[in-house]
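Novice: Have a look at this one before I ask anything.
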Amino acid sequence: MADSDAGTRELDVISPEDLKVTKLYNHPLYNIVQLGDKPLNPRSPTAIFFAVMGLLGTVTYQILLWFNILASNASAEVLFPAKLFALGQCVENMGGICDSLWRLLVNCIRSEVPRPSLRLIGDKVPTVDVFIVSCGEPRDIVLDTVKAALQIDYPRDKFRVILSDDGKDERLQRACEGISIKYPNLFYWARVKADKNHGYKAGNLNTVIRRFDKPAEFKAVFDADMIPEPDCLRVLIPHALIDDGVGMVTCAQHHYNIPDNDPLYQANVTGPGADDGIRDSVNAAWCPGSGFIIRHLTWVDIGGFPEFSITEDLITSWMLHGKGWKISLVHEVMQWGIQPDGLIPHLKQRRRWWTGHIVDSFKLKFAFDRRLQGATRVQRIAMFHHCLRPHFYTVFKMVGLVCALQAMRYGQVVAIPTFNALKIIVTLYTVRFMVGKWSDIKSIRNGVFWNLRRRQATNAWLANHFTRDVVQIMIPGRFNLLLGFDVSGAEKTSTGIKERDGKLRPRGMLRRLLTIHFREGILYHGGLFVLHAWIVKRVVGAQLQDPTPDFWFKIITSVGFPGLGLIDNIPLYLAPVIYVMFPPTMPKRRKCMVYDQEKQLWRPAPERKVIKWTAASWWLAVPDVLSCTWLVFVLLWVFSETFQRWVSLV
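Laid out in structure tokens, this is it:
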């Protein structure tokens, strides 16, 4: 998914230990302070200008493609490839136009005041139930989270840690019973889980919340693989205490098992700093699934966590907005977890997200469901925009790809009634291209350039990869297709590929490729690359066999037209193949952690909390450099040809 301006906003993560108290809140019950003073984040006229220019450039480009077709005197047969390409471009760019409109709206109305860093001070605090939800994760992973939760900086008599285990692991239960001798505020719970209609994670949470007497004022929820920071409750809760309208407070997820160069874009660094961050700036933040607190009254008001969805975090957020509750996103690092440790579990996770969101969008009538009527207009727009994105960035992208392939096969992909028309459309595309590069300039300044390059590379092939699943989930009779759930970082050794394990990975490049291909079809992406290369070779070869004075004109208006994006995107289809051929070698999870002797628990090692970008990621910039070079060549040729024609007329 190539977002127009995604991920370029600077991450708002701070180190509060170095800050001083700058404000005391006059709360009637609790002591709340503010740490530091964040500078205002004023609306940028430059950002709005480039957003408008990018949007106008895209729309004008679509119009010009069709205008040239209508102005051409060529036969219908000759114009067929141009019509096919123009149709594909309109369909493919709908996602980008939708994103641009959303970001332009946010830039115009967002709050300039950043969310402050708050702390709840002292022992006079509200009660909290900390729920850790598990479902078959390895015991060491679950127990690391349990032990870290027990060490949260909060009065022991004011919070309970409750492990709600859908895996019903007896050894895990005995381990918790042993720990509870020293920590009596630890409880283990496992429900009687139905074979069907068990409500997934939401059902697990609802059951355990109803099970325990005297519910706490707040609920905190962490996934089994998410290790909370000691001050998480003192950071999150005050945002709800100072505003009775806030029903939930969330924070971003961070991970400590990401390989160097993040080959599958698992860190998602730009997500919390951009997508979630800009929604929060217009009071439309959503729950990330782990590391959040919710009022008990809020949970009751929405009827519990929605059990009809496998993506309960998103739908919970929408239900909260539908009841008029606000959600606050705290820009501080409050949890560290793990991502799937291989390509196959990673794709299963992402497939569940994409297809789950599509099912939810239909169940909630694309944000027009009456249960969402209490949401603000901006919140509804954010929901509607999100409902469209899985369609725009899978099926619509594939339609654009197929149309472009067929257009290249049949002839000239753009109609050129006059040479001046070629000059205009190439110039317009160049302006549009340069406006898009403004995001790259910002990403370099904000230190996320390589993250954006990886995001572009990953989304280029993921869109095609999940198109089949998106179409399948919408087929009548398959709408309620059960989506498999796999725990993060816990691929079974007996059935997993383990390509990141130097000892367990399949030996031999070809064997790895075939093994993973038979389960996920990654070689089809390589096939798409070969198909594009074959068409280019066929068209260029035909022109070379029968060279004419207008050789470059024919190439530029067919396979060499910059708007096709062949150089920009097609090489990125090889990303999963390259990953499997040269997989990263990751240390065992324990090697990514350090042991706190005093607290007797494991925490992520500091060096594993940052992504290392090495020289091996250089190829991510190659398509961009080559496409820029080709565009410059095309521009120079067009204007030199224009000059020669002018000279001949004079």
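Numbering (my numbering), first residue to last: 628 to 1277.
Virtual Cβ for every residue (Gly too), placed ideally from N, Cα, C.
#1: Is the segment 1052-1068 touching the segment 708-718 in the sense that three or more CB pairs, one from each, lie closer than 8 Å?
#2: State whether the segment 755-762 contacts the segment 880-889, with contact taken as three or more CB pairs (one from each stretch) at a distance under 8 Å.
#3: Quick one: is Thr1256 buried, meaning 16 or more other Cβ sit within 10 Å of its Cβ, or exposed?
#4: Using the three-state DSSP reduction, which class does Ser865 fall into: helix, strand or coil?
#5: For Cys1030, which residues in the same chain have their Cβ closer than 7 Å to its Cβ, ignoring the five residues on either side in sequence?
#6: Taking all protein chains shown into account, decide if Thr834 is buried (16 or more other Cβ within 10 angstroms of its Cβ) or exposed.
#7: State the start and end residues of the unbroken beta strand (DSSP E) segment that holds Gln962.
#8: Going by DSSP, which residues form a beta bridge with Ile954?
#9: Is it right to say Leu1109 is buried, meaning 16 or more other beta carbons lie within 10 angstroms of its own, or is it exposed?
#10: Quick check on the burial criterion: 16 or more other C-beta atoms within 10 angstroms. Buried or exposed for Ala736?
#11: Residue ranges of each alpha helix (DSSP H) run of no fewer than 4 residues wholly in the segment 1131-1203, ordered along the chain?
#12: Let's see if you can read the secondary structure: which residues bound the beta strand (DSSP E) around Lys1069?
#13: Is Phe622 buried or exposed, if buried means 16 or more other CB atoms sit within 10 Å of its CB?
#14: Taking all protein chains shown into account, do 16 or more other C-beta atoms lie within 10 angstroms of the C-beta of Ile789, making it buried, or fewer, making it exposed?
#15: Under three-state DSSP, which class holds Arg670?
#16: Can you find the residues in the same chain that come closer than 7 Å, C-beta to C-beta, to Asp780, ignoring five residues on each side of it along the sequence?
#17: Under the rule that 16 or more other beta-carbon atoms within 10 Å means buried, what is Ile808, buried or exposed?
#18: Do Ala1090 and Lys1024 have their CB atoms nearer than 8 Å?
#19: Taking the CB atoms as reference points, tell me whether Leu1287 and Leu891 lie closer together than 8 Å.
#20: Does Asn658 come out as helix, strand or coil in the three-state DSSP assignment?
#21: Just tell me which of Pro1250, Ala912, Lys1239 and Arg1230 has its CA closest to the CA of Ala775.
#22: In whole angstroms, give me the CA-to-CA distance for Phe1266 and Ala1202.
#23: Starting from the C-beta of Val1041, find all residues in its chain whose C-beta is less than 6 Å away, skip the five residues before and the five after it, and write them out in chain order.
#24: Have a look at Ala1248 and Arg1080 and give me their C-alpha separation to the nearest angstrom.
#25: I'd like the list of long-range same chain contacts for Asp850, defined as Cβ closer than 6 Å, with 5 residues on each side in sequence excluded.
#26: Considering only DSSP beta bridges, list what Lys650 is partnered with.
#27: Quickly, what does DSSP pair Phe919 with across the bridge? List them, please.
#28: Indicate whether Leu832 and Ala802 have their beta-carbon atoms separated by less than 8 Å.
#29: Please state whether DSSP places Ile905 in a helix, a strand or coil.
#30: Once the 5 residues before and after Glu637 are set aside, which same chain residues still bring their CB inside 6 Å of it?
#31: Taking the beta carbon of Gln966 as the centre, do at least 16 other beta carbons fall within 10 Å, making it buried, or is it exposed?
#32: Rounding to the nearest angstrom, what Cα-Cα distance links Thr1175 and Gly681 in this structure?
#33: Check whether the Cβ atoms of Ile724 and Thr687 lie closer than 8 Å to each other.
Specialist: On the basis of the coordinates in this document:
#1: no
#2: no
#3: Counted from its first residue, the sequence shown places residue 1256 at position 629. When all chains shown are included, Thr1256 counts as exposed.
#4: If you number the sequence shown from 1, residue 865 lands on position 238. The displayed chain sequence assigns Pro, not Ser, to residue 865. Correct three-state label for Pro865: helix.
#5: Indexing the sequence shown from 1 puts residue 1030 at position 403. Only Leu711, Phe712, Leu714 and Gly715 meet the Cβ criterion.
#6: Here residue 834 is taken as the residue at index 207 of the sequence shown, counted from 1. Its Cβ being crowded by 16 or more others within 10 Å, Thr834 is buried.
#7: Position 335 of the sequence shown holds residue 962. Looking at the DSSP string, the run of the beta strand (DSSP E) that includes Gln962 is Gln962 to Gly964.
#8: Along the sequence shown, one-based indexing puts residue 954 at 327. According to DSSP, which records beta bridges pairwise, Ile954 is partnered with Met875.
#9: Mapped onto the sequence shown, residue 1109 falls at position 482. With a pLDDT of only 46 at Leu1109, under the threshold of 50, the placement of this residue in the model should not be trusted, and no figure is reported.
#10: Taking the sequence shown and counting its residues from 1, one reaches residue 736 at position 109. Per the sequence shown, residue 736 should be read as Ile rather than Ala. With fewer than 16 Cβ atoms within 10 Å of its Cβ, Ile736 is classed as exposed.
#11: 1136-1147, 1150-1172, 1178-1183 and 1193-1196
#12: Residue mapping note: residue 1069 aligns to position 442 of the sequence shown, counting from 1. Run containing Lys1069: none in the beta strand (DSSP E); it sits in the alpha helix (DSSP H), Phe1046 to Arg1072.
#13: For the chain, the structure presents residues 628 to 1277; residue 622 sits outside this window and is missing.
#14: On the sequence shown, position 162 is the one that residue 789 refers to. Under this definition Ile789 is a buried residue.
#15: Residue 670 sits at position 43 when you count from the first residue of the sequence shown. Coil, per DSSP.
#16: For the purposes of this step, residue 780 is identified with residue 153 of the sequence shown, where counting begins at 1. Counting only Cβ-Cβ distances below 7 Å, and skipping sequence neighbours, we find Pro857, Asp858 and Arg861.
#17: To locate residue 808, count along the sequence shown from 1; it is residue 181. Under this definition Ile808 is an exposed residue.
#18: As a working note, residue 1090 is residue 463 in the sequence shown. As a working note, residue 1024 is residue 397 in the sequence shown. Going by C-beta atoms, Ala1090 is nearer than 8 Å to Lys1024.
#19: Residue 1287 is absent from the structure shown; the chain starts at 628 and stops at 1277.
#20: What you label residue 658 is simply residue 31 of the sequence shown in a count that begins at 1. Note: Asn658 maps to strand in three-state DSSP.
#21: The count along the sequence shown starts at 1 and reaches residue 775 at position 148. Ranking Pro1250, Ala912, Lys1239 and Arg1230 by Cα distance to Ala775 puts Arg1230 first.
#22: Translated into the one-based positions of the sequence shown, residue 1266 becomes position 639. Translated into the one-based positions of the sequence shown, residue 1202 becomes position 575. Going from the Cα of Phe1266 to the Cα of Ala1202 covers about 36 Å.
#23: Translated into the one-based positions of the sequence shown, residue 1041 becomes position 414. Same-chain partners within the cutoff: Ala709, Thr1184 and Phe1188.
#24: Along the sequence shown, read from residue 1 onward, the residue named residue 1248 stands at position 621. Along the sequence shown, read from residue 1 onward, the residue named residue 1080 stands at position 453. Spanning the two alpha carbons is a distance of roughly 7 Å.
#25: One-based indexing of the sequence shown puts residue 850 at position 223. Excluding residues within five positions, the ones whose Cβ falls inside 6 Å are Ser917.
#26: As a working mapping, residue 650 is identified with position 23 in the sequence shown. DSSP lists Gln661 as partners of Lys650.
#27: As a first step, residue 919 is located in the sequence shown; it is residue number 292 there, counting from the start. In DSSP, Phe919 forms a bridge with Val848 and Thr877.
#28: Your numbering for residue 832 matches position 205 in the sequence shown. Your numbering for residue 802 matches position 175 in the sequence shown. No, the pair does not count as a contact, with Cβ atoms beyond the cut-off.
#29: Reading the sequence shown from its first residue, position 278 is the one you call residue 905. The answer is helix: DSSP assigns Ile905 an H, G or I state.
#30: On the sequence shown, position 10 is the one that residue 637 refers to. Any answer about Glu637 is weak, because its pLDDT of 36 lies below 50 and its placement is not dependable; what the coordinates show is given next. Cβ neighbours of Glu637 beyond the five flanking positions: Asn1073.
#31: Counting from one through the sequence shown, the residue named residue 966 turns up at place 339. Gln966 should be labelled buried.
#32: For the purposes of this step, residue 1175 is identified with residue 548 of the sequence shown, where counting begins at 1. For the purposes of this step, residue 681 is identified with residue 54 of the sequence shown, where counting begins at 1. Whole-angstrom Cα-Cα distance: 37 Å.
#33: Counted from its first residue, the sequence shown places residue 724 at position 97. Counted from its first residue, the sequence shown places residue 687 at position 60. Cβ distance not < 8 Å, so Ile724 and Thr687 don't count as in contact.
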